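Residue numbers (my numbering): 588 to 817. Just so it is clear, CB atoms sit at the ideal spot from N, CA and C, and this is done for glycine as well. A quick note: this is a predicted structure, and the numbers were derived from the prediction, not measured. Structure record follows, encoded as structure tokens.
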């Protein structure tokens, strides 16, 4: 793993004991006083309730996946060669469906979503707790760090800056809706230069290159700006 830049000196390389995970699963965040009890117990603070956001490209909305409704569409995107090179979920629909169900059946540390732009499904997202993810074994993380995986579904939506705009929008949502989160992370494959460029354009910085089991990743970080309130 490449060395991490000096700005990450105050991070923690967390190998999480069970009681630490249980603490975050069961405890509410004191700064989220007006949230419902369900949202306080949610590891990602109620992604389903984050609501739509206005962007220069249209109204964008993250909607948690419904396997019966969305698996066929997401599977089609996964079998696009431009996507398959990085996601490795090619094959029949059940391959994608199993991937989605595994997240939905878990404890909520990763929420798969379809991104709607003006009501039209056009992207797939995974919003996940980076501090509770295997990623934490390979690079320094902080409590409540939140990660993003994404793909833009159709070729017509790629290469025109839309990914950059939506990454910025989703990072803004994470920081606004998760008061305890101070950083948004991503780890695209270093070979995926358009993805790395999109994160840089959305206000992320390249912190390091990290050797993960399936890829060499560009660790991208966007930090909550000084004085930026949730």
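Measuring C-alpha to C-alpha distances from residue 769 to each of 813, 712, 654 identifies 813 as the nearest. Taking the Cβ atoms as the reference, residue 647 lies roughly 26 angstroms from residue 719, outside the contact range of under 8 angstroms. In the DSSP annotation of this structure, the continuous segment of the beta strand (DSSP E) that includes residue 712 starts and ends at 707-716.
A check of alpha carbon separations from residue 741 across 650, 701, 710 identifies 710 as the nearest. When DSSP states are grouped into helix, strand and coil, residue 791 belongs to the coil group. Across the structure, residue 658 and residue 745 are spaced so that their CA atoms are roughly 21 angstroms apart. Approximately 13 angstroms separates the beta-carbon atoms of residue 691 and residue 683; this is outside 8 angstroms, ruling out the contact. Considering only 802, 643, 782, the residue with the shortest C-alpha distance to residue 704 is 643. If the five residues before and after residue 806 are omitted, its C-beta is found closer than 6 angstroms to the C-beta atoms of 726, 774, 794, 795, 797, all from its own chain and listed in chain order.
Excluding sequence positions up to five before and after residue 666, its CB lies within less than 8 angstroms of the CB of 677, 678, all in the same chain and listed in chain order. Per DSSP, residue 642 lies in no alpha helix (DSSP H); the unbroken beta strand (DSSP E) holding it starts and ends at 640-642. When rounded, the separation of the alpha-carbon atoms in residue 688 and residue 636 is 20 angstroms.
With contacts defined as CB atoms closer than 9 angstroms, residue 755 and residue 789 qualify as a contacting pair.
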